[in-house]
Amino acid sequence: MRILHEPLVSLDGTPAELECYLLDNFPEIEADRRRPCVVVVPGGGYLECSPREMEPIAVRMLGYGFQACVLHYSTAPSCFPTALHELASAVAMVRAHADDWHIDPHAVLVGGFSAGGHLAADLGVEWNGALLAGFGFDAEVIRPDGLMLGYPVLSAGEHAHRPSFERLLGGRADDPAAREAVSIELRATAAFPPTFLFHTMTDATVPVANSLLLVEALRRAGVSVEAHLFPTGRHGVALGTPESMYADGTGVEECVQVWPDLFRDWVGRLVDSRSTHR
């Protein structure tokens, strides 16, 4: 196994990197194995990157035989679209290194939590748009093959987690047009990647309405979506296990602990379906 720290170019010069957890191949097992890769995007309200949604998630993905890369992206005072540019760069980097990192370039997924879920979903909206094309990105190189969204911040409307959008937009936070432009449920089209999503009904920080709005938007657009709503769990539940619990001991939720296995199975079906059509 290798752990790599790959720097990313930031629009405003702030530090950003891709931390890569890479399983090795061995002739005795399968010398030419290509694995799905999950680019993990932690939450933190665009104020920080939460460690609880970094290494614990990556290690679980490794246990499924996936490669995992954690995005350490720029947060406040950096504003939109700095972090989006970094995520696009991270996906491009993964595909560029698919051969030497033993990655299936057709199975590059982005998994985001909370505000990281917004960032992941924003790439799902913007991958083929003019904004990222203007930075020189090739749409097919930065396109996620699928998204995993955990209790995501999505809507800047009635159900918004306002601090996230205030940090994301900076001085434009009160501009209705700017807020609409980053409200994912308003911009989802048929080009949005297949999506796996989970949320808890008792999330008091980012209302479950965020996820419900996106599910309905994806249904209307004809995008494949698998959504799981769990009855209990505070915001930021991560794995729902002691491995990712908060320092005060909260965040252990037995009902939530099944989501990684459900996600693993979803990825398997997604990869199988795409292999059949290639």
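Quick note: the sequence shown uses numbering that gives the first Met the number 0, first residue 0, plus one each step.
Backbone N, C-alpha and C define an ideal beta-carbon position, used for all residues, glycine too.
It should be emphasised that the depicted structure is a prediction, and the values quoted were computed from it without experimental measurement.
Between residue i and the rest of its own chain, which residues show a CB-CB distance below 8 Å, the 5 nearest in sequence each way excluded?
i    : result
G133 : none
A30  : N24
R273 : H105, A106, D144
T321 : Residue 321 is absent from the structure shown; the chain starts at 0 and stops at 277.
P175 : none
Which residues in the same chain have their Cβ closer than 6 Å to the Cβ of residue i, if we skip the five residues on either side of it in sequence?
i    : result
G97  : The question names Gly, but residue 97 in the sequence shown is Ala. Once the five neighbours on either side are set aside, the close Cβ partners of A97 are P104.
S163 : G44, Y45, A114, V152
V222 : F191
G110 : V37, V39, M147
A89  : L17, V38, L70
R1   : L21
Could you tell me how far apart the beta carbons of residue i and residue j are, in whole angstroms, since I believe they sit closer than 8 Å?
i    : j    : result
G145 : L46  : With 8 Å as the limit, G145 and L46 do not qualify as a contact, their Cβ atoms being about 27 Å apart.
D11  : S73  : 7 Å
D202 : H234 : 5 Å
R303 : H101 : The structure shown does not extend to residue 303, since the chain spans only 0 to 277, so no value can be given for it.
M92  : L17  : 6 Å
A189 : A220 : 5 Å
F197 : G149 : 6 Å
S210 : S182 : Between S182 and S210 the Cβ distance is about 13 Å, and since that is not below 8 Å, they are no contact.
Going by C-alpha to C-alpha distance, which of the options sits closest to residue i?
i    : options                : result
E180 : F191, A237, L168, R142 : Residue identity differs from the one stated: residue 180 is Ala in this sequence, not Glu. Comparing Cα-Cα distances from A180 to each of F191, A237, L168, R142, the minimum goes to L168.
E184 : C36, E253, G156        : G156
G239 : Y245, V251, N209, A246 : V251
S113 : M147, E125, P151       : P151
R186 : V214, I141, F197       : V214
M244 : I141, S49, G111        : S49
D271 : A106, P41, P175        : A106
V140 : L148, N127, M147, E253 : N127
W258 : D31, G232, D247        : G232
R59  : H160, S210, L21, A119  : L21
P241 : T13, E52, V37          : E52
V266 : A30, E225, G111, V236  : E225
V255 : L228, P143, R94, A138  : L228
P41  : P26, Y63, A82          : A82
P80  : R171, T249, F197       : R171
V8   : L130, F262, P230, A87  : A87
E165 : P55, G62, P76          : P76
R94  : E125, Y63, D137, G64   : D137
L212 : A159, E125, E54        : A159
R218 : P193, V205, A237       : P193
L118 : D99, V205, H84         : H84
A57  : E27, L108, V205, T249  : L108
Identify every residue that forms a DSSP beta bridge with residue i.
i    : result
Y20  : I2, A67
V109 : V38, L146
I56  : Answer is none; I56 lacks a bridge partner.
I28  : Note: I28 sits in no beta bridge, so no partner.
For residue i, which residues from the same chain have a beta carbon less than 7 Å from its beta carbon, with the 5 sequence-adjacent residues on both sides left out?
i    : result
E5   : E16, L17, C19, M92
C78  : L167, L168, G169
F262 : M147, F195
Runs of 3 residues minimum, wholly inside the segment 142-202: which ones carry the beta strand (DSSP E) assignment? 145-149, 194-199
Within the segment 225-271, ranges of the beta strand (DSSP E) (whole runs, at least 3 residues): none
In chain order, which alpha helix (DSSP H) runs of at least 4 residues are fully inside the segment 80-135? 81-95, 114-125, 129-132
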